[in-house]
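Protein chains: 4
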Amino acid sequence: MTNVTVTTYKECIDACIRCMNVCNTSYVSSLKGLDIFELRECLRLDRECADLCAMAVQAMTRNSPFVAEICELVAKACDVCAEECMKHPHEHCQECVSVCQECARVCRSMLVAA
Amino acid sequence: MTNVTVTTYKECIDACIRCMNVCNTSYVSSLKGLDIFELRECLRLDRECADLCAMAVQAMTRNSPFVAEICELVAKACDVCAEECMKHPHEHCQECVSVCQECARVCRSMLVAA
Amino acid sequence: MTNVTVTTYKECIDACIRCMNVCNTSYVSSLKGLDIFELRECLRLDRECADLCAMAVQAMTRNSPFVAEICELVAKACDVCAEECMKHPHEHCQECVSVCQECARVCRSMLVAA
Amino acid sequence: MTNVTVTTYKECIDACIRCMNVCNTSYVSSLKGLDIFELRECLRLDRECADLCAMAVQAMTRNSPFVAEICELVAKACDVCAEECMKHPHEHCQECVSVCQECARVCRSMLVAA
Numbered sequence: 001m002t003n004v005t006v007t008t009y010k011e012c013i014d015a016c017i018r019c020m021n022v023c024n025t026s027y028v029s030s031l032k033g034l035d036i037f038e039l040r041e042c043l044r045l046d047r048e049c050a051d052l053c054a055m056a057v058q059a060m061t062r063n064s065p066f067v068a069e070i071c072e073l074v075a076k077a078c079d080v081c082a083e084e085c086m087k088h089p090h091e092h093c094q095e096c097v098s099v100c101q102e103c104a105r106v107c108r109s110m111l112v113a114a
Numbered sequence: 001m002t003n004v005t006v007t008t009y010k011e012c013i014d015a016c017i018r019c020m021n022v023c024n025t026s027y028v029s030s031l032k033g034l035d036i037f038e039l040r041e042c043l044r045l046d047r048e049c050a051d052l053c054a055m056a057v058q059a060m061t062r063n064s065p066f067v068a069e070i071c072e073l074v075a076k077a078c079d080v081c082a083e084e085c086m087k088h089p090h091e092h093c094q095e096c097v098s099v100c101q102e103c104a105r106v107c108r109s110m111l112v113a114a
Numbered sequence: 001m002t003n004v005t006v007t008t009y010k011e012c013i014d015a016c017i018r019c020m021n022v023c024n025t026s027y028v029s030s031l032k033g034l035d036i037f038e039l040r041e042c043l044r045l046d047r048e049c050a051d052l053c054a055m056a057v058q059a060m061t062r063n064s065p066f067v068a069e070i071c072e073l074v075a076k077a078c079d080v081c082a083e084e085c086m087k088h089p090h091e092h093c094q095e096c097v098s099v100c101q102e103c104a105r106v107c108r109s110m111l112v113a114a
Numbered sequence: 001m002t003n004v005t006v007t008t009y010k011e012c013i014d015a016c017i018r019c020m021n022v023c024n025t026s027y028v029s030s031l032k033g034l035d036i037f038e039l040r041e042c043l044r045l046d047r048e049c050a051d052l053c054a055m056a057v058q059a060m061t062r063n064s065p066f067v068a069e070i071c072e073l074v075a076k077a078c079d080v081c082a083e084e085c086m087k088h089p090h091e092h093c094q095e096c097v098s099v100c101q102e103c104a105r106v107c108r109s110m111l112v113a114a
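Residue numbers (this note's numbering), protein chains in the order written: chain A, 1 to 114; chain B, 1 to 114; chain C, 1 to 114; chain D, 1 to 114.
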């Protein structure tokens with residue numbers, strides 16, 4: 001008997017949708033700002049991360065045989081994106097940090113549960 | 001002054017997520033069934049429709065300049081998918097019908113509102 | 001009897017692959033440059049266009065029932081991307097212009113041929 | 001000093017495009033055949049593999065920071081797809097086997113070279 005929290009597909013899908021949403025919103029904000037030069041790596045990683053989250057959502061809803069590998073990839077992308085966004089004080093970057101970290105955590109806890 | 005219901009991105013994103021989810025679930029059920037031969041066109045259209053919904057969700061969350069065209073395309077795919085699923089009594093097909101029809105309606109009402 | 005050049009899937013797939021490639025290359029160049037602020041709309045449209053081209057390539061290779069609508073959407077995105085890139089003297093922008101215009105032309109000639 | 005063949009992005013992009021193409025063609029053939037029930041796992045994996053190849057092509061052309069992980073995922077999907085297709089005598093399945101195996105090899109040799 002363990003007290004490990006089992007993360008279900010449903011939770012992981014929700015975390016990925018939220019992460020895709022927040023990353024894309026941050027991408028749009030970065031694109032519009034006067035300080036786009038400082039945020040260029042953020043906006044690049046936001047889009048990379050959002051694309052991978054979207055792919056993961058699709059993969060989970062169709063029960064892809066590669067869900068584990070895809071979620072591991074998403075967790076990695078979330079780590080890298082959060083690390084970059086951490087350098088910037090912008091509200092949209094800070095929101096990215098917390099949402100990416102949460103998404104990475106959920107993806108990894110699902111892997112453990114699987 | 002009109003009483004047109006304005007469909008927001010938020011509503012349309014939710015409708016597309018739900019449609020992607022139900023189409024992919026139906027795809028998985030069709031793949032597993034003994035009557036896959038009868039459902040082959042269903043499973044093909046389920047995947048096409050789910051892919052387009054996923055793309056639309058992404059496009060809306062990043063405020064793509066092509067949201068209108070993409071939502072029109074999703075509405076069309078939903079129509080075609082619903083029409084095919086209508087021919088089959090399976091519960092997952094019938095759920096596809098109602099969810100695709102609703103998604104097509106929401107996509108089109110957003111276009112009108114835009 | 002006509003002398004219309006019939007554009008085949010093969011030609012259209014090749015044009016879309018080339019366009020995706022050039023748009024993504026231009027996106028990367030725009031991201032790296034010191035004048036990213038001036039190129040922000042370019043880099044946004046490069047990615048939108050590349051994503052749609054990639055989707056079209058996939059759709060054509062799996063004979064999607066929505067190829068016509070998808071190619072029409074790609075042609076539209078190519079037009080918009082070319083129009084924006086035209087404003088910039090950068091070599092990667094000018095290459096985008098010609099490749100997007102060619103891709104739009106091929107997508108439309110395939111529609112006529114269909 | 002080694003005699004390792006260095007695989008470039010260009011070679012890997014070409015291998016993934018070819019694999020996406022052949023997998024999607026096999027998917028379409030499987031969908032149309034009378035023996036779709038026997039080929040159901042093939043057609044499922046063909047689509048999974050084609051989707052991942054398409055994502056890899058896009059990722060390489062935009063120089064994604066996650067190219068290594070994505071190519072590793074593609075190689076895995078190619079292995080699984082080839083293993084399933086191997087069970088079937090159909091020409092389109094046999095072509096999938098050789099093209100998937102080649103794509104997996106190229107993806108892995110690029111990883112070594114990186």
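Just so you know, even glycine gets a beta-carbon here, dropped at the ideal spot from N, CA and C.
>> Here's the rule I'm using: 16 or more other beta-carbon atoms within 10 Å means buried, otherwise exposed. How should Ser-98/A be labelled?
In response: exposed
>> Output needed for Ala-104/B: all residues of its chain with C-beta closer than 6 Å, excluding positions within five of it in sequence on either side, in chain order.
In response: Ala-75, Cys-78, Asp-79
>> Less than 6 Å separating the Cβ of Lys-32/C from some heavy atom of the ligand FAD?
In response: In terms of ligand content, the structure shown is empty, and the ligand FAD therefore cannot be addressed.
> Quick one: what's got a C-beta closer than 7 Å to Met-55/A's C-beta in the same chain, skipping five residues either side?
Replying inline: Ile-70
> What residues in the region 69-91 of chain D have a beta carbon less than 9 Å from any beta carbon of chain A?
Replying inline: Glu-69, Ile-70, Glu-72, Leu-73, Lys-76, Ala-77, Val-80
>> Using 8 Å for Cβ pairs, my map puts Arg-58/D next to Ala-50/C. What's the rounded Cβ distance?
In response: Sequence inspection shows Gln at residue 58/D; the Arg mentioned does not correspond to that position. With 8 Å as the limit, Gln-58/D and Ala-50/C qualify as a contact, their Cβ atoms being about 7 Å apart.
>> At the level of alpha carbons, what is the spacing between Ser-26/B and Cys-85/C?
In response: 42 Å
> Nearest to Glu-91/A by CA position, among Asn-63/A, Met-110/A, Met-20/A, Gly-33/A, is which residue?
Replying inline: Gly-33/A
>> For Leu-39/D, would you say it is in contact with chain B, using Cβ-to-Cβ distances shorter than 7 Å as the test?
In response: no
> Roughly how many whole angstroms lie between the Cα atoms of Tyr-9/C and Ser-29/C?
Replying inline: 30 Å
> In chain D, which residues lie with their C-beta within 9 Å of the C-beta of Glu-11/A?
Replying inline: Per Cβ cutoff of 9 Å: no residues; Glu-11/A is ~22 Å from chain D at best.
>> Runs of 4 residues minimum, wholly inside the region 55-88 of chain B: which ones carry the alpha helix (DSSP H) assignment?
In response: 67-85
>> Can you give me the C-alpha to C-alpha distance between Val-106/D and Cys-19/D, rounded to a whole angstrom?
In response: 11 Å
>> List, in chain order, every chain D residue whose beta-carbon is nearer than 7 Å to that of Ser-64/A.
In response: Glu-48
> Under a three-way DSSP split, which group does Ile-36/B fall into?
Replying inline: coil
> Between Glu-95/D and the rest of its own chain, which residues show a CB-CB distance below 6 Å, the 5 nearest in sequence each way excluded?
Replying inline: Val-22
> Apart from the five residues just before and just after Asn-24/D, which ones in its own chain have a Cβ nearer than 8 Å to its Cβ?
Replying inline: Asp-46, Arg-47, Ala-50
> What distance in whole Å lies between the Cβ atoms of Arg-44/D and Leu-39/B, which are believed to be in contact at a cut-off of 8 Å?
Replying inline: In fact, because the Cβ distance is near 13 Å, the residues do not count as touching under 8 Å.
> Would Ile-36/B count as contacting chain D if we go by Cβ distances under 7 Å?
Replying inline: yes
>> Is it buried or exposed, Phe-66/A, if we count other Cβ atoms within 10 angstroms and call 16 or more buried?
In response: buried
> From Arg-167/C to Asp-35/A, what does the alpha carbon distance come to, in whole angstroms?
Replying inline: No answer is possible for residue 167/C: the residues shown for chain C start at 1 and end at 114.
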